[in-house]
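To start, the structure under review is shown below, and the notes come after it.
Residue numbers (my numbering): 52 to 235.
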């Protein structure tokens, strides 16, 4: 692996200090979007598993690849790798959908490989995202959109004080409940 991805700016979690959100380079994201795990691992600073090129993950990377092509400045805000340096494992992905919008809202997203669920990784990733949002003056509210039947994710965000504010239809994910957490 060569170091074209940045470990210099991993977003740590105070809940689980051994969990970092590691930024990937455009080249790595493009490789994941093409489901080319070998090329992604040649470029990434951390070893990625087949989870990162499964259908749901690959869809995320395709979207992020197009997003970065149109708006390279979004790179530090978008999806990162949930990485456990103690175990040297990339266990999932998490990040914002982009920088804050004109109202100061950022939307979070996270997914943990089924092999590593129920080990605190989603909580640690969400904690890191919220801590990062709180130190960014432009961010005033954090949003999460979750399928009504995703009870574990709904339970997780409830612990952080997110409040249901509505629902929306997503062409890819179907019906989603919208939750928000005002900062301040």
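Don't be surprised by glycine CBs; every beta carbon is placed ideally from N, CA and C.
> Which whole-angstrom value describes the C-beta separation of residue 75 and residue 179, a residue pair presumed to lie in contact below a C-beta threshold of 8 Å?
Replying inline: With 8 Å as the limit, residue 75 and residue 179 do not qualify as a contact, their Cβ atoms being about 16 Å apart.
> What does residue 228 pair with, by DSSP beta-bridge criteria?
Replying inline: 197, 218
> Just the Cα atoms here: how many angstroms apart are residue 115 and residue 204?
Replying inline: 22 Å
> If you drop the 5 nearest sequence neighbours on each side, which residues of the same chain put their C-beta closer than 6 Å to that of residue 79?
Replying inline: Beyond the five residues adjoining it in sequence on each side, residue 79 comes within less than 6 Å, by CB distance, of 56, 91, 94, 95 in the same chain, given in chain order.
>> So, for residue 100: in the same chain, excluding its five sequence neighbours on each side, which residues have a beta-carbon less than 7 Å away from its beta-carbon?
In response: 141, 164
> If you draw a straight line from the alpha carbon of residue 148 to that of residue 81, how long is it in whole angstroms?
Replying inline: 16 Å
>> Measuring straight from C-alpha to C-alpha, what distance separates residue 110 and residue 188?
In response: 31 Å
> Exposed or buried, residue 122, counting other C-beta atoms within 10 Å across all chains shown (16 or more means buried)?
Replying inline: Here residue 122 is exposed: its Cβ has fewer than 16 other Cβ atoms, across all protein chains shown, within 10 Å.
> residue 169 bridges to which residues according to DSSP?
Replying inline: The partner list for residue 169 (beta bridge, DSSP) is empty, contrary to what the question assumes.
> So, using beta-carbon positions, are residue 191 and residue 150 closer together than 8 Å?
Replying inline: no
>> Just to confirm the assignment: which complete alpha helix (DSSP H) runs, minimum length 4, are found wholly within the stretch 109-195?
In response: If we require 4 residues or more, the alpha helix (DSSP H) runs fully inside the stretch 109-195 come out as 172-185.
> Would you call residue 226 buried or exposed, if buried means 16 or more other Cβ atoms sit within 10 Å of its Cβ?
Replying inline: exposed
>> Which complete alpha helix (DSSP H) runs does the stretch 58-107 hold, if anything under 4 residues is left out?
In response: 77-84, 88-94
> Alpha carbon to alpha carbon, what distance is there between residue 146 and residue 138?
Replying inline: 21 Å
>> Let me confirm a value: residue 215 is counted as buried when at least 16 other C-beta atoms fall within 10 Å, else exposed. Which label applies?
In response: exposed
> Roughly how many whole angstroms lie between the Cα atoms of residue 59 and residue 118?
Replying inline: Note that residue 59 scores 46 on pLDDT, short of 50, meaning its location in the model is unreliable; the coordinates nonetheless yield the value given after this. The C-alpha of residue 59 lies about 23 Å from the C-alpha of residue 118.
> Nearest-angstrom Cα distance between residue 127 and residue 183?
Replying inline: 11 Å
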